[in-house]
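Visitor: Supplied in structure tokens, the structure appears directly below.
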Amino acid sequence: MGKMNVNLCGIELDNPVIPASGTFGFGYEFAELYDINCLGTFSFKGTTKESRFGNPTPRIAECSGGMINSVGLQNPGVEKVIDTELVKLSKCFSKKVMANVSGFSLDEYAYTSSKLDACDQVGWIEVNISCPNVHGGGMSFGTSPSAAAEVTKTVKAVTTKPVIIKLSPNVTDIAQIAKACEDAGADGISLINTLLGMRIDLKTKRPVIHNKMGGFSGPAILPVALRMVYQVYEAVKIPVVGMGGISSARDVIEMMLAGATAVEVGAANLVNPYACKQIIEDLPECMAEYGISGLSEIIGGAH
Amino acid sequence: MKQSLFTICSNEFLTENVLKMKLSGDTSAITAPGQFINIKLKGCYLRRPISVYDCDNETVTIIYKVVGEGTKKMSSLSKGDTLDILTGLGNGYDTTVSGDKPLLIGGGVGVPPLYMLAKKLVAEGKSVAVILGFNTKSEVFCEEEFRNLGADVYVTTVDGSYGTKGFVTDAVNMPYTYFYTCGPEPMLKAVYKACNTDGQFSFEERMGCGFGACMGCSCKTVTGYKRICKEGPVLRKEEILWEK
Chain A
12 MGKMNVNLCG IELDNPVIPA SGTFGFGYEF AELYDINCLG TFSFKGTTKE SRFGNPTPRI
72 AECSGGMINS VGLQNPGVEK VIDTELVKLS KCFSKKVMAN VSGFSLDEYA YTSSKLDACD
132 QVGWIEVNIS CPNVHGGGMS FGTSPSAAAE VTKTVKAVTT KPVIIKLSPN VTDIAQIAKA
192 CEDAGADGIS LINTLLGMRI DLKTKRPVIH NKMGGFSGPA ILPVALRMVY QVYEAVKIPV
252 VGMGGISSAR DVIEMMLAGA TAVEVGAANL VNPYACKQII EDLPECMAEY GISGLSEIIG
312 GAH
Chain B
54 MKQSLFTICS NEFLTENVLK MKLSGDTSAI TAPGQFINIK LKGCYLRRPI SVYDCDNETV
114 TIIYKVVGEG TKKMSSLSKG DTLDILTGLG NGYDTTVSGD KPLLIGGGVG VPPLYMLAKK
174 LVAEGKSVAV ILGFNTKSEV FCEEEFRNLG ADVYVTTVDG SYGTKGFVTD AVNMPYTYFY
234 TCGPEPMLKA VYKACNTDGQ FSFEERMGCG FGACMGCSCK TVTGYKRICK EGPVLRKEEI
294 LWEK
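The following block contains the structure:
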């Protein structure tokens, strides 16, 4: 059997498959269905300094080959995440988890990251500077190279754990932003967050989503994600975590060939709660089919 | 929650656009009336959440209205077709608090989840009254099924073409110890005002996953944020916050 292990910013993963933030809660819902220790790791629900309800409903709209969400970073706040959610998680997941952090100011990013830095369970800090669903924060940090660099420096200053910056595709030149993060000290880049999208209800003639727009994800965005991962891989030397529409073992291999060291799987978990487990189980056969003896050897192979 | 394949036993129209589908498969995860199942359909990315009308050890029955692309696809399925379904979703109704004279109030496609509830309450020896509300006579379904359970059944139609003319709340004039309701939100609000005992309400919301992972269907309640798919769809009267 081919080797599936990869090294992500100094931490060894048994395989490169990582459920993406916002599609896997804090893991324990899925642990009722299968042993989630089969995962490489997972990125938990985006966490902010204060508790957030998020946006009004409807927050979900369906599309051909995907969905739009406008959840708006609902989470119980970092203290409760640490005291309640991570305690529950520790009972069903023994690996290092990826903490996903969001904020509305540099101070908030620093506060939340420093709290999570103190948790042994946390292996990496994935910094979301790309949420399309909140105003005055999130994505506004991810659309300019200088703002992205500021957030990176801020988080790097409060943690010794690897810092992975999660980028928005809703920009003109994503490679330039990735480079700015690398120059500011980022240990890795993850991409892509969702694409800003919209659906309109023909009966009401109004947008389906209460906030009008939301983040588009699902298999339909895979080509966009592949293209951007390919571009970012050429621009930086740090590891890239690729995501966007991955729903099969073939997609994982394709994303790694584009330049991803590991991959995140998002929307697929919501449709098929066993998606990640099945992808991991399908990988050996898919690797054999394409003559791949080790996944770490194919990273960036398409360049 | 369980994911498994079900085979369609029957799929028949009850009215012009409401169908009843019976499926056979592993129903072991369905533990309470008022829970729902989430159905994967070819050509639709997200699953379709539909409340359970009835179930036994081998079959589950749903009643659904054709309202969009997904339910239209469902209406064209036939006996022998198989569907990938998540079962045992949501909390369901709690019958332990009903007292001896529970009142069930359903409107339109809010009626189906009350059937399994009525069945359970009757089995528990309670005297069940049911109010079924529809717009017009041609939309009425399931009246006979509730009567056959031994429940007192009252039907209302908005245009008065069948039963009592008016809304479900116009028929609330019997003594009752507790109430259970499911229907469109304006109806739920009217029931909230009209009924003076404690009760339980089943809510509907656009869902992503249906099992608590995506936070797509959250609502605010007196006791904090709840996911309609996980801590709901049934909320108790005292925890409801009407927002919209």
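Going down the list, the protein sequences come from chains A and B. Note that the working numbering has the first sequence beginning at 12, numbered continuously upward. Note that the working numbering has the second sequence beginning at 54, numbered continuously upward. No residue lacks a Cβ here, since even glycine has one placed at the ideal position from N, Cα and C. Here the structure is a predicted model, which is why all the values come from computation and not from measurement.
Looking at the structure shown, is F35 of chain A part of a helix, part of a strand, or coil, going by DSSP?
Guide: Residue state, collapsed to three classes: coil.
Visitor: Thinking just about the alpha-carbon of each residue, which of B:K73, B:D79, B:G159 is nearest to the one in T114 of chain B?
Guide: With distances taken between Cα atoms, T114 of chain B lies closest to B:K73.
Visitor: State buried or exposed for D198 of chain A, treating a residue as buried only when at least 16 other CB atoms are found within 10 Å of its CB.
Guide: Buried: at least 16 other Cβ atoms inside 10 Å.
Visitor: Below 8 Å on the Cβ atoms is my contact criterion, and I expect G261 of chain B with I71 of chain A to pass it. Report the Cβ-Cβ distance as a whole number of Å.
Guide: That pair is a contact at about 5 Å.
Visitor: For a quick check, are the C-beta atoms of I176 of chain A and I140 of chain A less than 8 Å apart?
Guide: Yes.
Visitor: Quick one: does G229 of chain A have its CB under 8 Å from some CB of chain B?
Guide: Yes, G229 of chain A counts as interfacial toward chain B.
Visitor: Please compile the residues from chain A whose C-beta is within a distance smaller than 7 Å of the C-beta of M260 of chain B.
Guide: What M260 of chain B touches in chain A: I71.
Visitor: Is the shortest distance between the beta-carbon of P103 of chain A and the beta-carbons of chain B less than 8 Å?
Guide: The sequence given here places Cys at residue 103 of chain A; Pro does not occur at that position. Not closer than 8 Å to any Cβ of chain B, the Cβ of C103 of chain A fails to qualify, so no.
Visitor: Assuming contact is defined by CB atoms lying nearer than 8 Å, are G153 of chain A and V82 of chain A in contact in what I supplied?
Guide: Result no, Cβ atoms of G153 of chain A and V82 of chain A do not sit closer than 8 Å.
Visitor: For the structure I just gave you, are there three or more beta carbon pairs, one from the stretch 168 to 175 of chain B and one from the stretch 140 to 155 of chain B, closer than 8 Å?
Guide: These segments touch.
Visitor: Which term fits V263 of chain A, buried or exposed, when burial requires 16 or more other beta carbons within 10 angstroms of its beta carbon?
Guide: That one is buried.
Visitor: Does the contact criterion of 3 or more C-beta pairs under 8 Å hold for the stretch 237 to 245 of chain A versus the stretch 217 to 226 of chain B?
Guide: At 8 Å Cβ cutoff, the stretches do not touch.
Visitor: Is the CB of C74 of chain A under 8 Å away from at least one CB in chain B?
Guide: Answer yes: the Cβ-Cβ gap between C74 of chain A and chain B drops below 8 Å somewhere.
Visitor: With distance defined between alpha-carbon atoms, name the residue in B:P239, B:G219, B:S131 nearest to T60 of chain B.
Guide: The candidate whose alpha carbon is nearest that of T60 of chain B is B:S131.
Visitor: Could you compute how far the alpha carbon of Q56 of chain B sits from the alpha carbon of D153 of chain B?
Guide: Taking the straight line from one Cα to the other gives about 36 Å.
Visitor: Is the separation between the beta-carbon of Q88 of chain B and that of V105 of chain B shorter than 8 Å?
Guide: Contact: yes.
Visitor: Answer yes or no: does any C-beta atom of chain A fall closer than 8 Å to that of M54 of chain B?
Guide: It does; some Cβ of chain A falls within 8 Å.
Visitor: Just verifying my parser: in three-state terms, what is the DSSP assignment at M254 of chain A?
Guide: In the structure shown, M254 of chain A sits in a strand (DSSP, three-state: E or B).
Visitor: Output, in sequence order along the chain, the residues in the stretch 263 to 293 of chain A whose CB is closer than 9 Å to any CB in chain B.
Guide: Residues A278, N280, L281, V282, N283, P284, Y285.
Visitor: Would you say the stretch 289 to 300 of chain A touches the stretch 253 to 263 of chain A, given that touching needs at least three Cβ pairs under 8 Å?
Guide: Segments in contact, yes.
Visitor: From the DSSP output, in three-state form, read off V193 of chain B for me.
Guide: Reduced to three states, the DSSP call for V193 of chain B is coil.
Visitor: Could you give the DSSP three-state label for G178 of chain B: helix, strand or coil?
Guide: Correct three-state label for G178 of chain B: coil.
Visitor: Whose Cβ in chain B lies nearer than 7 Å to the Cβ of F35 of chain A?
Guide: The answer, in chain order, is A266.
Visitor: So, helix, strand or coil for C142 of chain A, using DSSP?
Guide: The answer is coil: DSSP assigns C142 of chain A none of H, G, I, E or B.
Visitor: Looking at the unbroken beta strand (DSSP E) that takes in P102 of chain B, where does it start and where does it end?
Guide: Per DSSP, P102 of chain B belongs to the beta strand (DSSP E) from 101 to 108.
Visitor: Note down, in chain order, every chain B residue with its Cβ under 8 Å from the Cβ of E43 of chain A.
Guide: Neighbours of E43 of chain A on chain B, chain order: M54.
Visitor: Where do the N-terminal and C-terminal ends of the alpha helix (DSSP H) with N280 of chain A fall, by residue?
Guide: Per DSSP, N280 of chain A belongs to the alpha helix (DSSP H) from 278 to 282.
Visitor: Short check: CB of M109 of chain A to CB of I29 of chain A, under 8 Å?
Guide: Yes, the Cβ-Cβ distance between M109 of chain A and I29 of chain A is below 8 Å.
Visitor: Check the Cβ of F64 of chain A against every Cβ in chain B and list those closer than 8 Å, keeping chain order.
Guide: Per Cβ cutoff of 8 Å: S271, K273, Y278.
Visitor: Give a yes or no on whether the C-beta atoms belonging to F35 of chain A and N280 of chain A are separated by under 8 Å.
Guide: A contact, by the Cβ cut-off of 8 Å.
Visitor: Excluding the 5 residues preceding and the 5 following N66 of chain A in the sequence, name in chain order all residues of the same chain whose CB lies nearer than 7 Å to its CB.
Guide: S81, V82, G83, N144, H221, N222, listed in sequence order.
Visitor: Flag this pair as touching only if the stretch 187 to 204 of chain B and the stretch 268 to 277 of chain B have three or more C-beta atom pairs under 8 Å; answer yes or no.
Guide: Verdict: no, contact absent.
Visitor: State buried or exposed for V275 of chain B, treating a residue as buried only when at least 16 other CB atoms are found within 10 Å of its CB.
Guide: Its Cβ having fewer than 16 others within 10 Å, V275 of chain B is exposed.
Visitor: Using a cut-off of 9 Å between C-beta atoms, extract the partners of Q85 of chain A located in chain B.
Guide: Within 9 Å Cβ-Cβ: M268, S271, Y278.
Visitor: Since I believe L167 of chain B is in contact with Y233 of chain B (beta carbons under 8 Å), could you give me their beta-carbon distance rounded to a whole number of angstroms?
Guide: Indeed, because the Cβ distance is near 7 Å, the residues count as touching under 8 Å.
Visitor: Using DSSP with H/G/I as helix, E/B as strand and the rest coil, what is C262 of chain B?
Guide: It is coil, neither helix nor strand.
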